[in-house]
Amino acid sequence: MRKHKQLALLFVFSVSIIMANTNPGSVDSTTVGKEKTLKEAYKDKFYIGTALNAWQIRGRRPEEIQVVKENFNSIVAENIMKSARIQPKEGQFDFSLADEFVKFGEENDMHIHGHTLIWHSQTPDWFFVGEDGNTVSKEVLIERMKNHITTVVGRYKGRIHSWDVVNEAIEDDGSFRESQFYKIIGEDFIELAFEFAHEADPDAHLYYNDYSMSNPRKRDGVVNMIKKLKDQDIFVYGIGMQGHISLGADLKEFEKSLEAFGKLGKVVISELDLTVLPSPWGDAGAEISDNYEYEDKMDPFPNGLPDEVQEQLSKRYVEFFNLFLEHQEIITRVTLWGVNDGNSWKNNWPVRGRTDYPLLFDRENNAKPVVKELIELASVQ
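So, in structure tokens, the structure goes:
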């Protein structure tokens, strides 16, 4: 069966390269839409999602929103539902943008995902500090966690279909991250977060989400953590594998993680983008606190991608989507982390000021040639 799929993949890619060379450049998204869109091609496979930023949610990027409506059937908020935005001061919740985000999803009949409830980053300082300026007790932090999760999840009960409950709690070596949540509460903060979220909305699908998930040691750490939670009858619906990958990403290790996580629940490819730029440390990581100074050699394509690099990007995306299709029985959603290249976070991380091309739509909101390839790939799987 795998041999037939590989032959089909080779055929699709070969045809696409011929077409791309015959008519180089981007394919207008409206042309693609007249034939078949991404969400139509994958509707019987898994959701095809994208992350929305504040400007899009506010309606200031109508051309980008049109791309979303035509091509995606699932949305997640890139930043506006993180705790620092939702509850910047204790007890002062700001749901204005989150409400608009959910309203947009409902009006367009989309799957809506919440990101994220508990994360060591972008959590306001008050969470961990008392009025006296000292670190709060375990009991106080647990109560603050419970209040935040219960309030946020409860507000959107039955409307937001799934949540990243805990984000990035495991280090690359498989150990627990020494976050404030961990230092004050211990590893039980993960169990408690899932309990509070499940109590607030028993029907919501709850995920653990992390990066570098093809790293074998991290894989083992996450597997051990999820097994322990399930042994305690904690409801964990699935695992989110952030897909921040590069041209050199190890497909075999990625598949091993897919298979390992699939034995524990459903899997989501939660934050997919494919950088074509060099990395300061190789193909690993998405720790946003890691930043490096700009150098020309780290920004090799400021004026556009050479054709050969565009072909490499297309080939790599097709290879990964072929893998996703082979495991579609365990994958519920594949979400691109942004709508177009221009609003991707990869332009500023890990080196600020670079020009990257990691998504499926270019800076003018045109579908790249790979979009047609992915649509054709779905038809033969």
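Counting with mature numbering (1 follows the signal peptide of the UniProt record, and there is no 0), you get residues -20 to -1, 1 to 361 for the letters of the sequence shown.
Positions of the beta carbon are idealized from the N, C-alpha and C atoms, including for glycine.
Note that the coordinates shown come from a computational prediction; the quantities given were computed from them, not determined experimentally.
With fewer than 16 other Cβ atoms from the protein chains shown falling within 10 Å of its own Cβ, GLY39 counts as exposed. Classified as exposed, PRO260 has fewer than 16 neighbouring CB atoms from the shown chains inside 10 Å of its CB.
The three-state reading of DSSP puts ASP105 in helix, counting H, G and I together. Around the beta carbon of SER155, a 10 Å sphere encloses fewer than 16 other beta carbons of the protein chains shown; the residue is thus reported as exposed. Take the alpha-carbon of ALA149 and the one of VAL202: they are about 9 Å apart. Counting of Cβ neighbours within 10 angstroms places THR30 among the buried residues, the total reaching 16 or more.
Three or more Cβ pairs closer than 8 Å define a contact, and the region 120 to 128 meets that threshold against the region 162 to 182. Two segments are said to touch when three or more pairs of C-beta atoms, one from each, lie closer than 8 Å; by this definition the region 280 to 289 does not touch the region 214 to 222.
Counted as a single uninterrupted DSSP element, the stretch harbouring THR115 is not any beta strand (DSSP E), since DSSP gives it neither H nor E.
Here the alpha carbon of GLY71 sits roughly 17 Å from the alpha carbon of TYR136. With a beta-carbon spacing of about 6 Å, VAL256 and TYR337 fall inside the 8 Å limit used to define contacts. In this chain, ASP321 is not harboured by any beta strand (DSSP E), its DSSP state being neither H nor E. With contacts defined by Cβ atoms closer than 8 Å, ASP253 and LEU339 form a contacting pair.
Here PHE174 is near PHE215, since their CB atoms are less than 8 Å apart. In the three-state scheme derived from DSSP, where H, G and I count as helix and E and B as strand, GLU251 is classed as strand. In the structure shown, THR30 falls within a strand segment according to DSSP collapsed to helix, strand and coil.
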